[in-house]
Each structure stands twice: as C-alpha cells, then as structure tokens.
Amino acid sequence: MRGDPYGVFLHLMATLIPDGERPHTGTSQALPPAALRGSSRGFTNPCPHRAGGAMGLRMIPRLRWAWLCLGALLAAPWGRTPQFLMDMSHDAFDDQYEGCTEAMEAVGPALLAQEQARGKSRLFGRVWARAGERWQQVKGSLAARLPPGFKDEYGQAVIAYTDNGLHHFFNAAMRAAGRSRAAYNASFPFKALHFYLTRALQLLRGPCEATYGTPVYRGIAHTRYQLQGASPFRFGSFASSSFRREQAESFGQDTFLSIRSCFGVPIHAFSLYTEEEEVLIPGHEIFWVFPDKGSHRFVLRSTNRTCSHFNCAFLGNEKSPECRGSTAGPRHREEL
Numbered sequence: 001m002r003g004d005p006y007g008v009f010l011h012l013m014a015t016l017i018p019d020g021e022r023p024h025t026g027t028s029q030a031l032p033p034a035a036l037r038g039s040s041r042g043f044t045n046p047c048p049h050r051a052g053g054a055m056g057l058r059m060i061p062r063l064r065w066a067w068l069c070l071g072a073l074l075a076a077p078w079g080r081t082p083q084f085l086m087d088m089s090h091d092a093f094d095d096q097y098e099g100c101t102e103a104m105e106a107v108g109p110a111l112l113a114q115e116q117a118r119g120k121s122r123l124f125g126r127v128w129a130r131a132g133e134r135w136q137q138v139k140g141s142l143a144a145r146l147p148p149g150f151k152d153e154y155g156q157a158v159i160a161y162t163d164n165g166l167h168h169f170f171n172a173a174m175r176a177a178g179r180s181r182a183a184y185n186a187s188f189p190f191k192a193l194h195f196y197l198t199r200a201l202q203l204l205r206g207p208c209e210a211t212y213g214t215p216v217y218r219g220i221a222h223t224r225y226q227l228q229g230a231s232p233f234r235f236g237s238f239a240s241s242s243f244r245r246e247q248a249e250s251f252g253q254d255t256f257l258s259i260r261s262c263f264g265v266p267i268h269a270f271s272l273y274t275e276e277e278e279v280l281i282p283g284h285e286i287f288w289v290f291p292d293k294g295s296h297r298f299v300l301r302s303t304n305r306t307c308s309h310f311n312c313a314f315l316g317n318e319k320s321p322e323c324r325g326s327t328a329g330p331r332h333r334e335e336l
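Per UniProt numbering, residue 1 is the first one in the sequence shown, and the count goes up by one each step.
Here it is as structure tokens:
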C-alpha cells in the first residue's frame with residue numbers, strides 16, 4: 001500500500017467492498033506483499049469504526065462511505081506525523097484468562113462461529129479460512145515441537161494475525177475495547193480470536209532468560225512515539241517485531257524500537273511471511289523505556305511482568321482498577 005492518500009483509499013476500498021463487487025482500477029498488478037505489509041502496519045485508518053459498520057451495506061452506501069473516507073484523508077495533515085504517547089494503554093482490552101481457560105474453550109467454537117457470521121464484510125471469515133489452509137500445511141512439521149494442549153484453533157489464530165487483511169482492525173479494536181466490560185461486550189468483534197491468540201502465546205513462550213537475551217526490533221511508519229518521563233509502558237495490542245533489524249527498518253523508521261522481551265514468541269514457522277522472522281509480543285507485557293541514539297528511537301526492556309485489568313471478562317468479570325500480573329516462566333523448551 002502506498003503512503004499517500006490515494007494508496008490509502010485503495011486499501012480502504014479493498015476492505016469495504018467484498019470480492020466480486022470491486023470496480024476495475026485500471027491495473028492488473030497487485031502491490032507486492034512486503035510493501036503492503038510494511039506500510040500497513042504504520043497506517044492509522046481515519047474511519048476504523050465506521051468502516052466496520054459500512055461493510056455489511058449494499059454497494060452504493062459502501063462506495064459513498066469510501067469517498068467520505070478519501071475526503072477525510074485528503075483533509076488530514078499529511079505533512080505532520082501523528083504522535084503516540086508511550087503509556088500503559090489504559091483503554092486496551094488485556095484479558096489473560098487466568099483460571100477460566102476450560103470455560104472459554106467450551107464456549108469458544110460457538111463464539112467463533114457467531115463472530116464469523118456477524119462479520120459484516122466477511123473479512124474475518126475469509127482470513128480465518130486462509131489461516132486454516134496454512135495451518136494444515138505447517139501443522140505436521142511443527143507437531144513434534146508444539147507444547148501439550150496446543151489446539152488447532154491456537155495455530156490458526158497465530159496465522160490469522162499475520163494476514164494483512166486483519167491485524168490492523170484487530171489491534172485497533174483491542175486498544176479501544178478495554179474502557180469497560182460494557183465496551184468490550186458491545187464493540188469488540190474478535191473475542192474468540194483474542195482468546196485463541198492469547199492462549200497460543202502463553203503456551204509457546206519460553207522462560208524469560210531465554211527470550212530476553214536476544215533483542216528484537218520494531219520499525220513503525222507514520223507515527224512518532226513520545227516518551228513522557230520514566231513511566232512504564234505497554235503496547236496495548238499485539239505488537240509484531242523481527243529478529244532482523246533491517247527487516248524492521250523496512251517497515252518504517254518514524255519510530256524505531258529495540259526490544260528485550262520476556263513474553264515475545266517467535267512465530268515465523270506459522271507466519272504467512274516466514275522471511276520476516278517475526279516475534280509477536282502480547283499487549284499486556286510491561287516495559288521500561290530508554291532513549292536510544294537518534295530521534296524517536298527507543299530501547300524497551302521487559303520488567304518480566306504483565307498487567308491486565310480484565311480477567312475472564314466474557315464470563316462476567318468486570319474491569320479491575322488494579323493490575324493482575326504474572327511473570328514469564330518456562331513453558332516450552334524449543335523455539336519454533
């Protein structure tokens with residue numbers, strides 16, 4: 001995807017309009033996957049909530065909303081890079097499902113089916129189906145290294161997250177759904193996916209002493225992170241990083257993070273983009289932040305603690321004003 005308003009508009013059109021209904025754009029060449037993936041991770045949709053509601057409408061209202069989004073994009077201050085304050089992301093949904101995994105497993109399949117059927121653009125259903133095909137391809141080669149209790153839905157959720165069509169909307173929804181349990185119930189359309197992906201990383205992660213020793217990198221386009229004092233920091237959503245500095249730099253350098261994580265999990269064996277050597281960091285991990293050499297470059301060092309204000313929210317528990325935390329213990333001997 002291009003970094004200009006027209007390129008962003010084409011991306012919105014592809015999201016708003018289901019396959020088979022899209023107008024011909026005058027070109028038969030798709031953008032390279034790496035270009036789309038790199039730039040889309042730094043893109044902020046100016047109409048994320050309305051886009052989700054427009055997807056289930058007929059063709060004309062979809063197009064009308066797409067043009068309205070284009071107008072907003074053209075009116076936006078493209079010469080100024082948006083700022084992001086590095087804080088604890090207090091509005092993020094951060095459930096770790098401690099003590100209720102069996103209950104969530106029982107309701108998970110029906111919840112997943114409901115959310116796929118409710119997906120107004122069929123986006124989630126298409127992504128989940130593609131992830132299922134990929135999981136069947138790689139499951140055999142991973143079987144000997146998967147931890148006990150690792151279910152097909154976990155592997156499929158990891159793969160679905162690496163799909164360009166989903167992760168932006170999923171993360172944006174996560175960052176806003178934690179205002180209250182009522183907000184989570186009403187406006188978070190990825191409850192099953194969040195549970196399955198959270199459980200996947202919990203089972204796959206290694207001990208802190210194994211993961212912390214190797215730095216990973218995260219490059220961000222179109223957003224500049226701002227550090228305010230010596231405060232702790234959470235991403236508030238799942239954060240992709242890479243073992244390869246040059247790979248991370250190709251995604252963007254408006255902000256660049258060098259990260260020592262205790263809870264990050266290498267997922268390149270699952271990913272649709274294995275060459276990225278991706279490490280996925282959960283949004284509830286707490287970091288201390290230090291300035292690095294250069295503008296908007298930071299070093300993140302894990303505290304080996306998590307912070308969650310929700311626990312088992314789907315089953316009725318309200319948001320707590322206090323953090324519920326854990327440390328990274330040994331879970332799995334081998335790195336996938």
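Glycine included, each C-beta is placed from N, C-alpha and C at the ideal position.
Query raised in the report: From Leu142 to Gly155, what does the alpha carbon distance come to, in whole angstroms?
Result: 10 angstroms
Requested in this report: Would you mind giving the Cβ-Cβ distance between Arg260 and Pro215, rounded to the nearest angstrom? I have them listed as a contact below 8 angstroms.
Outcome: 6 angstroms
Report task. Thinking Gln114 and Thr198 are a contact (beta carbons under 8 angstroms), I'd like their distance in whole angstroms, please. Result -> That belief does not hold up - the Cβ atoms of Gln114 and Thr198 are roughly 19 angstroms apart, past 8 angstroms.
Query raised in the report: Hey, Ala239 and Arg205 are a contact pair by Cβ (cut 8 angstroms); roughly how many whole angstroms apart?
Result: No, Ala239 and Arg205 are not in contact; Cβ-Cβ is about 14 angstroms, not under 8 angstroms.
Query raised in the report: Do Thr255 and Arg224 have their CB atoms nearer than 8 angstroms?
Result: yes
Query - Stretch-stretch touch, CB-based, cutoff 8 angstroms, three pairs: the region 83-93 with the region 170-180 - result: yes
Query raised in the report: Where does Gln228 fall in DSSP's three states?
Result: coil
Query raised in the report: Just to confirm, are Gln226 and Phe124 a CB contact at a threshold of 8 angstroms?
Result: no
Query raised in the report: Quick check: the region 267-287 against the region 157-176, are there 3 or more CB pairs under 8 angstroms?
Result: yes
Query - Residue burial classification, Arg134 (beta-carbon count within 10 angstroms, cutoff 16) - result: buried
Query raised in the report: Between Leu315 and Ala103, which are expected to be in contact by the criterion C-beta below 8 angstroms, what is the C-beta distance as a whole number of angstroms?
Result: 6 angstroms
Query - Through-space distance from Phe169 to Pro48, alpha-carbon basis - result: No answer about Pro48 holds up, because its pLDDT of 42 lies below 50 and its placement is not dependable.
**Report entry** Residues of its chain near Val158, where Cβ-Cβ distance is below 6 angstroms and the 5 sequence neighbours each way are ignored
**Finding:** Ala200, Ile267 and Phe270
Query - Exposed unless 16 or more other CB atoms sit within 10 angstroms - verdict on Phe263 - result: buried
Query - Rounded distance between the beta-carbons of Val279 and Cys242, thought under 8 angstroms - result: The question names Cys, but residue 242 in the sequence shown is Ser. Sure, about 7 angstroms apart at Cβ, within 8 angstroms.
Query raised in the report: Is the CB-CB distance between Ala173 and Pro189 below 8 angstroms?
Result: yes
Requested in this report: Within its chain, find whatever has a CB closer than 7 angstroms to the CB of Asn171; leave out the 5 residues flanking it on each side and keep chain order.
Outcome: Ser237 and Phe238
Report task. Excluding the 5 residues preceding and the 5 following Gly252 in the sequence, name in chain order all residues of the same chain whose CB lies nearer than 6 angstroms to its CB. Result -> Gly42, Gly219, Ile220 and Ala221
Report task. Select from Pro282, Thr303, Glu277 and Gly283 the residue whose C-alpha is nearest the C-alpha of Val289. Result -> Thr303
Query raised in the report: Do Ala328 and Pro232 have their C-beta atoms closer together than 8 angstroms?
Result: no
Report task. Could you tell me the distance, in whole angstroms, from the CA atom of Leu111 to the CA atom of Ala186? Result -> 14 angstroms
Query raised in the report: Sorted by chain position, which residues of the same chain lie with C-beta nearer than 7 angstroms to Gln137's C-beta, five sequence neighbours on each side aside?
Result: none
Query raised in the report: Do you know offhand how far Leu99's Cα is from Lys293's?
Result: According to the sequence shown, residue 99 is Gly rather than Leu. Straight-line Cα distance between these residues: approximately 43 angstroms.
Report task. Within its chain, find whatever has a CB closer than 6 angstroms to the CB of Ser308; leave out the 5 residues flanking it on each side and keep chain order. Result -> Asp94, Gln96, His284 and Arg324
Query raised in the report: How long is the line joining the alpha carbons of Ala313 and Glu105, rounded to whole angstroms?
Result: 14 angstroms
Query raised in the report: Which class does Arg118 belong to by DSSP, given the choice of helix, strand or coil?
Result: helix
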